[in-house]
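**Q**
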Amino acid sequence: MSQGLQLDNLACTRGSRQLFGGLSLHIKPGDLLRVRGANGAGKTSLLRMLCGLLLPTDGQVVWRGKPLGVQRDRLGQDLIYLGHAAALKDELSPLENLFDACALNGHIPTPPAALAALQGAGLRGHERTASRRLSQGQRRRSALARLALSQNTPLWILDEPFNALDSAANAWLTRLIEDHLKNAGMVVLTSHQDMPIAAANQVDLTL
Amino acid sequence: MSAPPRLMTGLMVVLRRDLRVALRRRSDTFSTLIFFVMVVSLFPLGVGPEPQLLRTMAPGVLWVAAMLASMLSLPRLFADDHADGTLEQMLLSTYPLALLVLGKTLAHWVGSGLPLVLLSPVLALQFDLSASATGVLVLSLLLGTPILSLVGSMGAALTVGLRGSSVLLSLLVLPLTIPVLIFGAGAVEAHTAGLGVAGHFSLLGALLIVGLMAAPWVSAAALRISME
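Just so you know, the protein sequences line up as chains A and B, in that order.
Here the first sequence is numbered in my numbering, starting from 160 and rising by one per residue.
Here the second sequence is numbered in my numbering, starting from 982 and rising by one per residue.
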């Protein structure tokens, strides 16, 4: 029985163009998978495939020994996916957005824990500001604050998490990811910048 | 019998979130209402002040106007969530997507259908509708407008992410809502003619129940396909 995430001969075709094919990988607890590639190489498609939002053209994704196709509906509690869009409602404050995101994932944080997560993300004083008044970097921080409350969710799939972050936030996020990896979590991320992340086992994949 | 509380949490989270968003962006509700008032008020101006004619027309006019007004905010039901990324998060939620969609549809009805129901008695005055006929009209709208939102959610889910989807959406949804129009407006006409309205209300109620049972699942499946 496999423990982690397995990619089995995965292929992706968008329109008439094949983005990648024959991709096989095994990510075990504590592993970091870094996906690199030029713009349009299929990084986001791969990430969306790993969380079941996109069906593979060929091959399959296996999570804990079972194909993703048969457990699409319950995978939600095992993974966090943060895509290009920050998944924030402009009208709501970071605190409200954080509550809703966590609640949809099946765990409702206590107010002090949520406030602490936002303050850790450097949003002290903006917890109740409408998200549309925040800068790009602050919106990014607000979305990422969810990770601080999700240490028990084994798989993190992050699409360009370091985008728009300043150096302080970079350090904060790196620490979050490193802690998660130490707790036998798994992280898949794409990133243009080469952020050094201490990982017991780092898998590099270039599309 | 009620669903396990854990499942309802997902529905409540989405319902509360969407109501909160609607409350902070009231322009959607207001434009729906103003459109409804405008369309309904144009008819007495256009056909002239003949009381008998207006009384006959009233149910049809109010119902058609309500249908068109509820189409206005429909394209944004999922499009906003699609644009800001929260739709993807709903697809990845631990709760069944159909229940989350039901929560969104309920919020849509509270934001666009319910205000029309509440405003309709005032507009019925322009058509010299009797008090009892107005009561029947309000009840028929109360039963019928949720069906419009439910049917609309299926169309909105199918067209999410398409460009210029709003016209397509109306073309998809309006034909499907014709039975609601017939029984909704028919109830008021039957009452005015001195016939019983129980049959019309039963049929509207049945449509509402079928819609509640089926539409969220259809919309959820459509969303999964649209988001590929």
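Virtual Cβ for every residue (Gly too), placed ideally from N, Cα, C.
From the DSSP secondary-structure annotation, give me the bridge partner or partners of residue 179 (chain A).
**A** Walking along the first sequence from the start, residue 179 (chain A) turns up at place 20. A:171, per the DSSP bridge assignment.
**Q** Which runs of the beta strand (DSSP E) spanning at least 3 residues fall entirely within the segment 1167-1204 of chain B, listed in chain order?
**A** Listed in chain order, there is nothing to give.
**Q** For residue 1051 (chain B), which of B:1172, B:1005, B:1089 has the nearest alpha-carbon?
**A** As a working note, residue 1051 (chain B) is residue 70 in the second sequence. Of the listed residues, the one whose Cα sits closest to residue 1051 (chain B) is B:1089.
**Q** Looking only at its own chain, which residues have a Cβ that is under 7 Å from the Cβ of residue 160 (chain A), when we skip the five neighbours before and after it?
**A** Here residue 160 (chain A) refers to the residue found at position 1 when the first sequence is read from its first residue. Confidence is the limiting factor: at residue 160 (chain A) the pLDDT is only 48, short of 50, which leaves the residue's position unreliable and the question unanswerable from this model.
**Q** Do you know whose CA, among B:1020, B:1053, B:1048, lies nearest residue 1008 (chain B)'s CA?
**A** In the second sequence, the residue the question calls residue 1008 (chain B) occupies position 27. Nearest C-alpha to residue 1008 (chain B): B:1053.
**Q** When DSSP labels each residue in this structure, what does residue 216 (chain A) get in the three-state scheme?
**A** Locating residue 216 (chain A) in the first sequence gives position 57, counting from the first residue. Coil.
**Q** With DSSP as the reference, label residue 223 (chain A) as helix, strand or coil.
**A** Within the first sequence, numbered from 1, the residue matching residue 223 (chain A) stands at position 64. It is coil, neither helix nor strand.
**Q** For residue 181 (chain A), which of A:173, A:168, A:246 has the nearest alpha-carbon?
**A** For the purposes of this step, residue 181 (chain A) is taken as the residue at position 22 of the first sequence. Minimum Cα distance to residue 181 (chain A) is reached at A:168.
**Q** If the criterion is Cβ atoms closer than 8 Å, does the pair residue 1002 (chain B) and residue 257 (chain A) meet it?
**A** Taking the first residue of the second sequence as position 1, residue 1002 (chain B) is located at position 21. Taking the first residue of the first sequence as position 1, residue 257 (chain A) is located at position 98. Contact flag unset, no.
**Q** Would you mind reading off the limits of the beta strand (DSSP E) that contains residue 315 (chain A)?
**A** Taking the first sequence and counting its residues from 1, the one referred to as residue 315 (chain A) is at position 156. Where residue 315 (chain A) is concerned, the enclosing beta strand (DSSP E) stretches over 314-318.
**Q** Quick one: is residue 990 (chain B) near chain A, going by C-beta distance under 8 Å?
**A** Reading the second sequence from its first residue, position 9 is the one you call residue 990 (chain B). Answer yes: the Cβ-Cβ gap between residue 990 (chain B) and chain A drops below 8 Å somewhere.
**Q** At a CB-CB cut-off below 7 Å, which residues of chain B make contact with residue 236 (chain A)?
**A** Reading the first sequence from its first residue, position 77 is the one you call residue 236 (chain A). Correct list: 1075.
**Q** Write down the C-beta distance between residue 312 (chain A) and residue 239 (chain A) rounded to the nearest angstrom, noting that I regard them as a contact closer than 8 Å.
**A** Stepping through the first sequence from its first residue, residue 312 (chain A) is reached at position 153. Stepping through the first sequence from its first residue, residue 239 (chain A) is reached at position 80. Indeed, because the Cβ distance is near 5 Å, the residues count as touching under 8 Å.
**Q** Locate the alpha helix (DSSP H) running through residue 356 (chain A), then write down its first and last residues.
**A** Your numbering for residue 356 (chain A) matches position 197 in the first sequence. No alpha helix (DSSP H) holds residue 356 (chain A); DSSP gives it neither H nor E.
**Q** Residues of the segment 196-212 of chain A with a CB closer than 7 Å to any CB of chain B: list them in chain order, please.
**A** When C-beta distances to chain B are compared with 7 Å, the residues of the segment 196-212 of chain A below that value are 210, 212, in chain order.
**Q** May I have the straight-line CA-CA distance separating residue 982 (chain B) from residue 989 (chain B), to the nearest angstrom?
**A** Residue 982 (chain B) sits at position 1 when you count from the first residue of the second sequence. Residue 989 (chain B) sits at position 8 when you count from the first residue of the second sequence. Bear in mind that a pLDDT of 42 at residue 982 (chain B), under 50, signals an unreliable position, so the number given afterwards is only what the model happens to contain. Residue 982 (chain B) and residue 989 (chain B): Cα-Cα distance of roughly 13 Å.
**Q** With distances taken Cα to Cα, identify the nearest neighbour of residue 320 (chain A) among A:293, A:352, A:291.
**A** Working through the first sequence from its first residue, we reach residue 320 (chain A) at position 161. When only C-alpha atoms are compared, the closest one is A:352.
**Q** Which whole runs of the alpha helix (DSSP H) in the segment 1000-1077 of chain B are 4 residues long or more, in chain order?
**A** 1008-1028, 1032-1053, 1057-1065, 1067-1072
**Q** What residues of chain B sit near residue 250 (chain A), judged by a beta carbon separation below 8 Å?
**A** Locating residue 250 (chain A) in the first sequence gives position 91, counting from the first residue. Within chain B, the residues near residue 250 (chain A) are 1001, 1002, 1005, 1006.
**Q** Give the residues of chain B in contact with residue 245 (chain A), contact being defined as C-beta atoms less than 9 Å apart.
**A** If you number the first sequence from 1, residue 245 (chain A) lands on position 86. What residue 245 (chain A) touches in chain B: 1065, 1066.
**Q** Can you find at least 3 beta carbon pairs, one from the segment 1032-1048 of chain B and one from the segment 1065-1072 of chain B, that sit closer than 8 Å?
**A** Counting Cβ pairs under 8 Å, fewer than three are found: no touch.
**Q** With a threshold of 8 Å between beta-carbons, can residue 260 (chain A) be considered close to chain D, or not?
**A** Going by chain labels, chain D is absent from the structure shown, which instead holds the protein chains A and B.
**Q** Taking residue 315 (chain A) and residue 344 (chain A) to be in contact with their CB atoms under 8 Å, please state how far apart those CB atoms are, rounded to whole angstroms.
**A** Start at 1 with the first residue of the first sequence, and residue 315 (chain A) comes out as number 156. Start at 1 with the first residue of the first sequence, and residue 344 (chain A) comes out as number 185. At roughly 7 Å, the Cβ-Cβ gap stays under 8 Å, so residue 315 (chain A) and residue 344 (chain A) are in contact.
**Q** Check whether chain A comes within 8 Å of residue 994 (chain B), counting only Cβ atoms and requiring the distance to be less than that.
**A** If you number the second sequence from 1, residue 994 (chain B) lands on position 13. Answer yes: the Cβ-Cβ gap between residue 994 (chain B) and chain A drops below 8 Å somewhere.
**Q** Determine the extent of the beta strand (DSSP E) in which residue 195 (chain A) is found, giving its start and end residues.
**A** Residue mapping note: residue 195 (chain A) aligns to position 36 of the first sequence, counting from 1. Annotation: the continuous beta strand (DSSP E) that includes residue 195 (chain A) extends over 190-195.
**Q** Since residue 249 (chain A) and residue 291 (chain A) are thought to touch, with beta carbons under 8 Å apart, how far apart are those beta carbons, to the nearest angstrom?
**A** As a first step, residue 249 (chain A) is located in the first sequence; it is residue number 90 there, counting from the start. As a first step, residue 291 (chain A) is located in the first sequence; it is residue number 132 there, counting from the start. Right, the Cβ-Cβ distance comes to about 4 Å (below 8 Å), so this counts as a contact.
**Q** Kindly indicate which three-state DSSP category residue 325 (chain A) falls into: helix, strand or coil?
**A** The count along the first sequence starts at 1 and reaches residue 325 (chain A) at position 166. Reduced to three states, the DSSP call for residue 325 (chain A) is coil.
**Q** Starting from the C-beta of residue 288 (chain A), find all residues in its chain whose C-beta is less than 8 Å away, skip the five residues before and the five after it, and write them out in chain order.
**A** Position 129 of the first sequence holds residue 288 (chain A). These residues qualify, in order along the chain: 252, 253.
**Q** Between the Cα of residue 1032 (chain B) and those of B:1097, B:1011, B:1106, spot the shortest distance and give me the residue it belongs to.
**A** Position 51 of the second sequence holds residue 1032 (chain B). Residue 1032 (chain B) has its Cα closest to that of B:1106, out of B:1097, B:1011, B:1106.
**Q** What residues from the segment 1144-1172 of chain B come within 7 Å of chain A, judged by C-beta to C-beta, listed N to C?
**A** none
**Q** State buried or exposed for residue 202 (chain A), treating a residue as buried only when at least 16 other CB atoms are found within 10 Å of its CB.
**A** The count along the first sequence starts at 1 and reaches residue 202 (chain A) at position 43. When all chains shown are included, residue 202 (chain A) counts as buried.
**Q** Go ahead and label residue 266 (chain A) buried or exposed: buried means 16 or more other beta carbons lie within 10 angstroms of its beta carbon, across all protein chains shown.
**A** The count along the first sequence starts at 1 and reaches residue 266 (chain A) at position 107. Classification of residue 266 (chain A): exposed, given that the 10 Å Cβ count is below 16.
**Q** Report the residue from B:1110, B:1019, B:1029, B:1062 whose alpha carbon sits nearest the alpha carbon of residue 1040 (chain B).
**A** In the second sequence, residue 1040 (chain B) corresponds to position 59, counting from 1. Residue 1040 (chain B) has its Cα closest to that of B:1110, out of B:1110, B:1019, B:1029, B:1062.
**Q** Using CA atoms only, rank isn't needed, just tell me which of B:1097, B:1138, B:1171 is closest to residue 1059 (chain B).
**A** As a first step, residue 1059 (chain B) is located in the second sequence; it is residue number 78 there, counting from the start. Nearest of B:1097, B:1138, B:1171 to residue 1059 (chain B), Cα basis: B:1138.
**Q** Do you know how far the Cα of residue 1018 (chain B) is from the Cα of residue 1141 (chain B)?
**A** Position 160 of the second sequence, counted from the first residue, corresponds to residue 1141 (chain B). Position 37 of the second sequence, counted from the first residue, corresponds to residue 1018 (chain B). So the two alpha carbons sit approximately 28 Å from each other.
**Q** For residue 365 (chain A), which beta-bridge partners are listed by DSSP?
**A** Counting from one through the first sequence, the residue named residue 365 (chain A) turns up at place 206. According to DSSP, which records beta bridges pairwise, residue 365 (chain A) is partnered with A:195.
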